[in-house]
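In what follows, a structure is listed as structure tokens, so that the remarks can point back to it.
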Amino acid sequence: MPSNQQIRRYDGKIGISIIGLLAVGLIVGVLYNNWAVIETWLPYVLAGFFIILFYRLVVAVEHLAYDK
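If you want it as structure tokens, here you go:
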């Protein structure tokens, strides 16, 4: 299990890589005008976005609680 410091070090890279992978799938669907790809990837993009927002909220609360 990684420590909090290790997670904080890679926090931005994790979010960027998740959003990047999801955006690639969505862009490919738009470029090929394939609604099946768009409809398949859109829920994953939204879920990934909300997971990242929730994770950022947890990290912010952790900073407030433990970093004094």
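For the sequence shown, the working numbering gives the first residue as 36, with consecutive numbering after it. Note that beta-carbon positions come from the ideal geometry of N, C-alpha and C, so glycine has one too.
Extract the residue ranges of the alpha helix (DSSP H) inside the stretch 41 to 85, only unbroken runs of 4 or more that lie entirely within it.
46 to 66
Length of the line joining the Cα atoms of Ile-62 and Leu-99:
As a first step, residue 62 must be located in the sequence shown, where it is residue number 27. As a first step, residue 99 must be located in the sequence shown, where it is residue number 64. Rounded to whole angstroms, Ile-62 to Leu-99 spans 37 Å at the Cα level.
Under the assumption that Ile-54 contacts Val-65 (Cβ atoms under 8 Å), give the Cβ distance between them as a whole number of angstroms.
Here residue 54 is taken as the residue at index 19 of the sequence shown, counted from 1. Here residue 65 is taken as the residue at index 30 of the sequence shown, counted from 1. Actually they do not touch by this definition, with Cβ atoms about 16 Å apart.
Given that a residue counts as buried once 16 or more other Cβ atoms are within 10 Å of its Cβ, and exposed if not, what is Val-76?
Against the sequence shown, residue 76 aligns to sequence position 41. What sits at residue 76 in the sequence shown is Trp, not Val. So Trp-76 counts as buried.
Cα-Cα separation, Leu-56 to Lys-48
Taking the sequence shown and counting its residues from 1, the one referred to as residue 56 is at position 21. Taking the sequence shown and counting its residues from 1, the one referred to as residue 48 is at position 13. Rounded to the nearest angstrom, the two C-alpha atoms are 12 Å apart.
Nearest-angstrom Cα distance between Ala-82 and Leu-88?
Within the sequence shown, the letter at position 47 stands for residue 82. Within the sequence shown, the letter at position 53 stands for residue 88. Those two C-alpha atoms are separated by around 10 Å.
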